[in-house]
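Numbering (the numbering used here), first residue to last: 1315 to 1407.
Rendered as structure tokens:
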């Protein structure tokens, strides 16, 4: 959770954000909003805990790879998925 206290410039740095999320998925909540749609960063968080979608950006919550990973990890992540993924049987089942 070191990103919580980090300056905005560090929270906006993609490599720093990815390293923080690799250490713990919940660091995604402190990542700069522009990076919360970065598929690689959000996917890394979703692999650890599907509930990471709650901190992801709108575009990431529509990304099929991200949503499937999150939901397969934790079905409750469905509540944070958006768009056409909700009608996709492969995600819901």
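Note that the Cβ used here is the ideal one computed from N, Cα and C, for glycine as well.
Under the DSSP assignment, residue 1337 falls in the alpha helix (DSSP H) whose first and last residues are 1328-1337. Note on geometry: alpha-carbon atoms of residue 1356 and residue 1394 lie some 13 angstroms from one another.
Per DSSP, residue 1361 is one residue of the alpha helix (DSSP H) stretching across 1353-1362. Look at residue 1385 here: in three-state DSSP terms it is helix. Between residue 1374 and residue 1366, the gap from beta carbon to beta carbon reaches 7 angstroms or more. Residue 1339 sits buried, since 16 or more C-beta atoms from the chains shown fall within 10 Å of its C-beta. In the structure shown, the three-state DSSP call for residue 1380 is helix. Across the set 1319, 1364 and 1345, the C-alpha of 1345 shows the shortest separation from the C-alpha of residue 1329. Per DSSP, residue 1342 lies in no alpha helix (DSSP H) segment and is marked neither H nor E.
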